[in-house]
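Below is one structure, written out as structure tokens; the observations come after it.
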Amino acid sequence: MSATATPARPAPDHHAQFIELLQTSLDQNAFIKLVLAKYAGDEPDLQRLIIKQLTVKDQPCLSFVYRYKTRDITKNFSLAEGVETVAALLPASFKNAHLLAVTDEAQLEYSKKGKSSLFKSKPQQLREVPSAGHNREKNRFLDLGRPFLADLGVTNHKHELIPAMSRKWKQINKFIEVFSHALTSSPLALDKPVRVSDFGSGKGYLTFAIHDYLRNTLQAEGVVTGVELREDMVKLCNEAAARLEHPGLSFQHGDVRSVAPSAVDVMIALHACDIATDYAIHMGIRSGASIIMCSPCCHKQIRLQIQSPALLKPMLQYGLHLGQQAEMVTDSLRALFLEACGYETKVFEFISLDHTNKNKMILAVKRAEPVQPAELLAKIEELKAFYHITEHCLETLLRADGYLA
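Just so you know, full-length UniProt numbering puts 81 at position 81 of the sequence shown, and the rest follows in order with no gaps.
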């Protein structure tokens, strides 16, 4: 008598189970975050998809952040549309999904042969649901857990922000945000080393930050040099770079006038005083930088030359307005000279630095196509004549090198 064969147990539908877990977490207001990784589609440079819940116009929605090598693209869906979109993306476009909820954690994986695995676990303690408000604190480009932040005194040993450093933390993130957007529109390719020079690097907050962002967030090779006049700061930062294992990051003694120009992709000079900003911009142009980031300080050279037109004198009898006029004229001319040298230039408000109330940034990104500078140079001459300006340091430096011939 033959034994009756036991029917094969059907393979578990891990996909359906995972989507059910996602839906349940949303229904129970327990959803925290969903990350889709191991991208298998054909869209260039797409790395992962990060999904969080927001409330927009009093309606709950799922915010999809498509993270590329050099940029993020955000799309918002209703909860139902978001769940349907996730279901369609697995496993066609992404082979890994990690769901984080208040009481559960689940990970769905697909092997190269398409076999699925579903792992579920419980946290040691209940997690807190993040605020879903659309206007909550902005996404950060750096994580507080980065070791250099603790070493430089921004966070404590538990990687918690030290309250006195909150302003510095905002400045670091704003700087990286500006750099990230500039990188997206620049001709730089991340398959080659990105060479960065930071003049006036100080304690190295921004120098470490840009190196860490290139290496750990963008997975690019950063060759970053901080240049600083104070030798004790140079020694301190080099020791930290070695201790934290930041290959490709170094600091040297000098300033923008003493360091010999070399090929650079990104030139940074934040808080360079008066004509030091002009020397920094000139260095960036000479070095072929694709991105130039300057935060000017003091505008003495132009202020001493300006002869205000009679019509403006009642308005400019106040010292504050005279200073603001000198700042506006100086930086407008700098931006126009950069435009004439083939850069797309923006002048905008930057976050205040710790030791100054100056918060303006000049950002220049090299254009793909050269420009005809004649019209721009004519406008520059008109401005100089209007204010009776006889010399602008940046113009003198550029003309000596033949850039404005």
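The beta-carbon is built from N, C-alpha and C at its ideal position, and this holds for glycine as well. These numbers were taken from a predicted model, which means no experiment stands behind them.
Quick check on the burial criterion: 16 or more other C-beta atoms within 10 angstroms. Buried or exposed for residue i?
i      : result
Thr356 : A caution first: Thr356 carries a pLDDT of 44, below 50, which makes its placement in the model too unreliable to give a value.
Cys273 : exposed
Tyr318 : exposed
Ala241 : buried
Asp331 : buried
His246 : buried
Arg334 : buried
Arg146 : buried
Ile362 : buried
Thr207 : buried
Gly254 : exposed
Leu320 : exposed
Leu183 : buried
Nearest to residue i by alpha carbon, out of the options?
i      : options                           : result
Leu34  : Met293, Glu105 and Arg71          : Glu105
Lys192 : Arg215, Gln47, Ala182 and Val371  : Arg215
His15  : Ser201, Gly248, Gly114 and Thr184 : Gly114
Ile19  : Val83, Lys300, Val194 and Leu149  : Val83
Leu404 : Cys341, Leu383, Lys360 and Lys346 : Cys341
Ser250 : Ser185, His211, Ser290 and Leu36  : His211
Ile389 : Glu344, His321, Gly402 and Ile302 : Ile302
Arg243 : Arg67, Leu152, Pro44 and Glu382   : Leu152
Lys203 : Glu239, Ser180 and Val223         : Glu239
Lys360 : Gly254, Met165 and Cys294         : Cys294
Phe337 : Gly222, Leu49, Tyr39 and Val371   : Val371
Gln17  : Asn156, Gly248 and Phe119         : Phe119
Asp45  : Thr217, Glu339 and Gly288         : Thr217
Pro296 : Pro12, His271, Lys174 and Asn173  : His271
Arg286 : Ala260, Asn173 and Val56          : Ala260
Cys237 : Met165, Phe148, His157 and Val56  : Phe148
Leu99  : Tyr343, Phe348, Leu21 and Pro12   : Leu21
His282 : Leu311, Leu398 and Phe348         : Leu398
Lys112 : Tyr39, Gln28, Met165 and Lys57    : Tyr39
Cα separation between residue i and residue j?
i      : j      : result
Ser78  : Val65  : 14 Å
Glu375 : Glu369 : 16 Å
Leu229 : Gly200 : 7 Å
Ser117 : Tyr110 : 6 Å
Lys313 : Asp278 : 28 Å
Ser185 : Val365 : 7 Å
Gln23  : Ser121 : 17 Å
Val194 : Phe350 : 24 Å
Lys52  : Met328 : 42 Å
Ala400 : Ala37  : 52 Å
Ala280 : Cys298 : 14 Å
Ala80  : Val154 : 41 Å
Ala269 : Gly284 : 10 Å
Gly41  : Phe179 : 28 Å
Leu161 : Asp72  : 25 Å
Leu383 : Leu377 : 10 Å
Ile50  : His181 : 19 Å
Glu339 : Arg257 : 23 Å
Pro12  : Leu90  : 16 Å
Phe348 : Ile292 : 14 Å
Asn156 : Pro163 : 10 Å
Arg48  : Gln59  : 26 Å
Contact defined as beta carbons within less than 8 Å: I believe residue i pairs with residue j. What is the distance between those atoms, to the nearest angstrom?
i      : j      : result
Ala30  : Val102 : 4 Å
Gln252 : Val234 : 6 Å
Ala97  : Gln107 : 7 Å
Ala209 : Ile176 : 6 Å
Leu142 : Tyr213 : 7 Å
Leu190 : Lys69  : 6 Å
Gly248 : Gly222 : 5 Å
Beta-carbon within less than 6 Å of residue i's beta-carbon, same chain only, minus the 5 sequence neighbours each way: which residues are those?
i      : result
Ser197 : Thr225, Val264 and Met267
Lys138 : Residue placement at Lys138 is flagged as unreliable, the pLDDT there being 47, under the threshold of 50; the coordinate-derived value follows with that caveat. No residues qualify anywhere along the chain.
Ser25  : Phe31 and Ala101
Ser290 : Ser186, Pro187, Leu188, Asp265 and Lys366
Glu43  : none
Pro373 : Ala340
Glu344 : Val365 and Arg367
Please go through the same chain and pick out, in chain order, the residues whose beta-carbon is closer than 8 Å to the beta-carbon of residue i, but skip the five residues on each side of it.
i      : result
Leu316 : Ser308, Leu322 and Gln325
Gln305 : Tyr387, His388, Ile389, Thr390 and Glu391
Asp354 : Unreliable positioning characterises Asp354 in this predicted model, as indicated by a pLDDT of 45, which lies under 50. The coordinate reading is nonetheless provided below. The residues are Arg167, Lys168 and Gln171.
Thr74  : Ser63, Phe64, Val65 and Tyr66
Glu231 : His253
Glu395 : Leu333, Phe337, Ile380 and Leu404
To which residues of the same chain is residue i closer than 7 Å at the C-beta, ignoring the five residues directly before and after it?
i           : result
Ile275      : Gln301 and Cys393
Gln124      : Caution applies to Gln124, whose pLDDT of 47 falls short of 50 and renders its modelled position unreliable; the value that the coordinates give is listed next. Excluding positions up to five away in sequence, the list is empty.
residue 454 : In the structure as shown, the chain begins at 1 and stops at 405. Residue 454 is therefore absent and cannot be evaluated.
Lys346      : Leu363
Ser262      : Ser287
Leu311      : none
Please decide whether residue i counts as near chain D, where near means a Cβ-Cβ distance under 8 Å.
i      : result
Met293 : Of the chains in the structure shown, none is chain D; there is only one protein chain.
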